[in-house]
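Trainee:
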Amino acid sequence: MNAGIWHRAGAWLLRATMVLGAVTGCGGAPVLDCAQQPQDRHHGNAGCLVVDGGRLLMVQQRITGLWALPGGTAEPGERAVCTAWRETREETGLEVRVGELLHRFDNGFRLYRCTPAEPQQAPSAAATGPGDALEIADLGWLDRHQRAQVPWRFEGQRELIEGLVSRREAEGERR
1 MNAGIWHRAG
11 AWLLRATMVL
21 GAVTGCGGAP
31 VLDCAQQPQD
41 RHHGNAGCLV
51 VDGGRLLMVQ
61 QRITGLWALP
71 GGTAEPGERA
81 VCTAWRETRE
91 ETGLEVRVGE
101 LLHRFDNGFR
111 LYRCTPAEPQ
121 QAPSAAATGP
131 GDALEIADLG
141 WLDRHQRAQV
151 PWRFEGQREL
161 IEGLVSRREA
171 EGERR
């Protein structure tokens, strides 16, 4: 038998096992669904502001190398809170609870305050969704100094985001 066939079969089986584990939530925090998020009649693109002691959860776009908050495009008919929840989970592997609407940008994008569903849960690049491995190069909790050093995807939003982070920090928000 050709050893290459067995190597490919083994690699496929490993990927299938990893996907099954991700889909079933095996060994991780309990998976929330969008029905557990606040009721909000708004639809559209959305994202999450997740703060931990002044550090902000951000993702680095693979194609551009620019950094942004987790979030993205709504599925047809999807509520904005569900978009924020789903996109954050897909891009970071972090289960979040979506909170108050913090800001609505001119383009309609809604930014929500989000907190991890499990206090000890940490984001993981290994937990990104299958399509997001192509979209997200890196992720992390960036402090103010680190955020000042990285190129932002939406540079014009930096001042607003920094103000929101400072407000969360002043309120003593913790992960």
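Quick note on our numbering: the sequence shown kicks off at 1 and runs consecutively.
Idealized CB from N, CA, C, for every residue including glycine.
1) Are there 16 or more other CB atoms within 10 angstroms of the CB of leucine 57, so buried, or fewer, so exposed?
2) Who are glycine 72's beta bridge partners in DSSP?
3) Should threonine 151 go down as buried or exposed, given a rule of 16 or more other Cβ atoms within 10 Å for buried?
4) Return helix, strand or coil for alanine 171, following the three-state DSSP convention.
5) Kindly indicate which residue of Asp106, His43, Ile161 and Asp52 has the alpha-carbon position closest to the one of glycine 77.
6) In the structure shown, what three-state DSSP assignment does glutamine 157 receive?
7) Please state if the CB of alanine 74 and the CB of threonine 83 are separated by a distance shorter than 7 Å.
8) How would you call leucine 134, buried or exposed, if buried means at least 16 neighbouring beta carbons within 10 angstroms?
9) Assuming contact is defined by CB atoms lying nearer than 7 Å, are arginine 97 and threonine 115 in contact in what I supplied?
10) Compare the C-alpha of glycine 156 against each of Glu91, Gly72, Val50 and Phe105 and name the closest.
11) Are the CB atoms of glutamate 176 and glycine 71 nearer to each other than 7 Å?
12) Taking just the CA atoms, how far does isoleucine 161 sit from alanine 80?
Mentor: Here's the rundown:
1) Residue mapping note: residue 57 aligns to position 57 of the sequence shown, counting from 1. Leucine 57 should be labelled buried.
2) Numbered from 1 along the sequence shown, position 72 holds the residue referred to as residue 72. Note: glycine 72 sits in a beta bridge opposite Ala46.
3) For this step, residue 151 is matched to residue 151 along the sequence shown. Before going further, note that residue 151 is proline rather than threonine in the sequence given. So proline 151 counts as exposed.
4) Residue numbering aside, residue 171 sits at position 171 when the sequence shown is read from its first letter. Here the sequence assigns glutamate to residue 171, which means alanine is not the residue at that position. In the structure shown, the three-state DSSP call for glutamate 171 is coil.
5) Indexing the sequence shown from 1 puts residue 77 at position 77. The candidate whose alpha carbon is nearest that of glycine 77 is His43.
6) Mapped onto the sequence shown, residue 157 falls at position 157. Glutamine 157 falls in the helix class under three-state DSSP.
7) As a position in the sequence shown, residue 83 is number 83, starting the count at 1. As a position in the sequence shown, residue 74 is number 74, starting the count at 1. It is a contact, given that the beta carbons lie within the stated cut-off.
8) Within the sequence shown, the letter at position 134 stands for residue 134. In this structure leucine 134 is exposed. Its beta-carbon is surrounded by fewer than 16 other beta-carbon atoms within 10 angstroms.
9) As a working mapping, residue 97 is identified with position 97 in the sequence shown. As a working mapping, residue 115 is identified with position 115 in the sequence shown. The answer is yes: Cβ separation under 7 Å.
10) Your numbering for residue 156 matches position 156 in the sequence shown. Residue nearest to glycine 156 within the set Glu91, Gly72, Val50 and Phe105 is Phe105 (criterion: CA-CA distance).
11) With the chain represented from 1 up to 175, any question about residue 176 goes unanswered, as that position is not in the structure.
12) Residue mapping note: residue 80 aligns to position 80 of the sequence shown, counting from 1. Residue mapping note: residue 161 aligns to position 161 of the sequence shown, counting from 1. Computed Cα separation, rounded: 19 Å.
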